[in-house]
Each structure stands twice: as structure tokens, then as C-alpha cells.
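Numbering (UniProt numbering), first residue to last: 1 to 244.
Report on the structure given below.
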């Protein structure tokens, strides 16, 4: 999710970042165009930063019109699992729309990750779960509620601190691309949805002990939704200029 977000952000809000330095855990990235690509761009692979630049250029040669981050907002249960839910990078052209979906595989020898993006035809979902908007105010209110719940259920001050820190990031004025980057940072800071030891794992039992499990479920589902919306809003900024 973080890599896809950075790829869209780098295309729509250049200049791009040195992704290899930011993500040293990615050893190789592959962009595989679908069967309609019968040219030299059919598959691009290699080191992260340079391969991403080649991918951008290939898309520009194919006259890309739109690039957007597409994330579901209603699949919290699948969130802790690698490659757990349908997400990707939407790209539109004059005659078609496609989705680039990532598959992550760990290389136990090199001790890093190989990320394979596959292009496929885009089929709109039956439910409109990919809409995004500036959700800063709603996110702030939600983080306040989560902070109070984490303190109330006891023994979870670390989660309360995470929610408070994310909320504080929304307390100063920002606009334009600065605000969009901030929304991405808030979303990443508020991510507590994982496996063992996460907010998903230990907080439900504690909330049940004080009769607030329903509140926990509602707020946690809203947290997943607002994280996804904030990431999409932040990444899908209007293009200022194409990457070099």
C-alpha cells in the first residue's frame, strides 16, 4: 500500500523521490504489461528507482491520461494479510482503463522483497468503494474518539499515544500539495491494524471487558475507512507536470 501510494504520488507530484533509499527492503520491482503490450515495454524489472522511472516513461509513451491510487474502504478483516485485498494503481488511456495490482514475495536468500505489478483490464466494482475526498475533519474527530477509547479500556496507552500523535498532525493549517502529503503521513501514522499484538489483536478483548466492544468495532472499521480515504486523497493529487 505504501509503495503504490508513493508511485502515484511520484507521478502526480514530481519531482520523484529516491525510492530505493526510502524502501531498502524492496530488492526488485517488476512491471508486467498485459498481453496487448507487444513491444520492449512488455516487462520492466530491476532496481526500484530506475525501474519506476522507466515505467513512468512507458506510460507516457502510451499516452496515459490518468493515474490514481485505488483502495477499498470496507475490507478491514483482510487488512492484516499480505496481498489480502484488491487494491492497486488505476491507469486510464484513450481506449481503455487498467489496474496494476502488486504481489509481494519475500526472498529469503537476499532478505528483501520482490514486488511484481501486473497490469489487467479494469472492471468497476459493484459497490463504489474507491471514492475519496478531503476527510481531515472527520479523521480528526475519529482519532479523538479512538484516543479516548484506548485510554478507557486500560493498558493500551501506546495506542492512545499513536492516535493522539496522528491527530496532532492535523492541528496546523496546510493547503495544496502540503496538505495532501500531510494526509498521507497521518494515514501511515494511524495504521495500527496488523496481526499479533496489534490493535486488531488485543484491543477487542479489553473492550469487551468493559462493555464497549460495539464501539470498538465501529471505530476500528471507521479507522480503516478513513486511512484508505486519506491515502487516496493524498496520492491522487492533480498532476502538475510529468516526471522527467
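The beta carbon of each residue, even a glycine, is placed where N, CA and C say it ideally should be.
Where the beta strand (DSSP E) containing residue i begins and where it ends
i           : result
residue 106 : 97 to 107
residue 154 : Neither: residue 154 is in no beta strand (DSSP E) and is coded neither H nor E.
residue 6   : It is not in any beta strand (DSSP E) - residue 6 instead sits in the alpha helix (DSSP H) that spans 2 to 12.
residue 89  : 88 to 92
residue 63  : No beta strand (DSSP E) holds residue 63; DSSP gives it neither H nor E.
Extent of the continuous alpha helix (DSSP H) to which residue i belongs
i           : result
residue 163 : 157 to 168
residue 19  : 19 to 22
Paired residues, beta bridge with residue i - DSSP
i           : result
residue 31  : 44, 117
residue 112 : 107
residue 26  : 113
residue 70  : 88
Other residues of its chain near residue i: CB distance less than 8 Å, five sequence neighbours each side excluded
i           : result
residue 152 : 210, 212
residue 24  : 112
residue 20  : 26, 47, 48, 49
residue 219 : 142, 145, 146, 149
residue 173 : none
Cut-off 6 Å between Cβ atoms - residues of its own chain near residue i, not counting five sequence neighbours on either side
i           : result
residue 126 : Note on residue 126: pLDDT 48, under 50, position unreliable in the model; no value is reported.
residue 97  : 122
residue 45  : 30
residue 67  : 8, 11, 91
residue 164 : 147
residue 234 : 180, 183, 184
residue 132 : 229, 232, 233
residue 59  : none
residue 2   : none
residue 43  : 32
residue 28  : 114
Classification of residue i by the beta-carbon crowding that lies within 10 angstroms, buried from 16 upward
i           : result
residue 94  : exposed
residue 144 : exposed
residue 4   : buried
residue 190 : buried
residue 205 : exposed
residue 216 : buried
residue 226 : buried
residue 87  : buried
residue 110 : exposed
residue 117 : buried
residue 63  : exposed
residue 6   : buried
residue 103 : exposed
residue 161 : exposed
residue 51  : buried
residue 76  : buried
residue 18  : exposed
Contacts around residue i, its chain only, beta-carbon distance under 7 Å, and the 5 residues preceding and following it disregarded
i           : result
residue 106 : 113
residue 170 : 136, 139, 140, 186
residue 119 : 32, 33, 34, 98, 100
residue 166 : 143, 186, 189, 190
residue 69  : 4, 5, 8, 89, 231, 232, 235, 236
- Task: May I have a chain-ordered list of the alpha helix (DSSP H) segments no shorter than 4 residues that lie completely inside the stretch 167 to 224?
- Result: 176 to 189, 199 to 209
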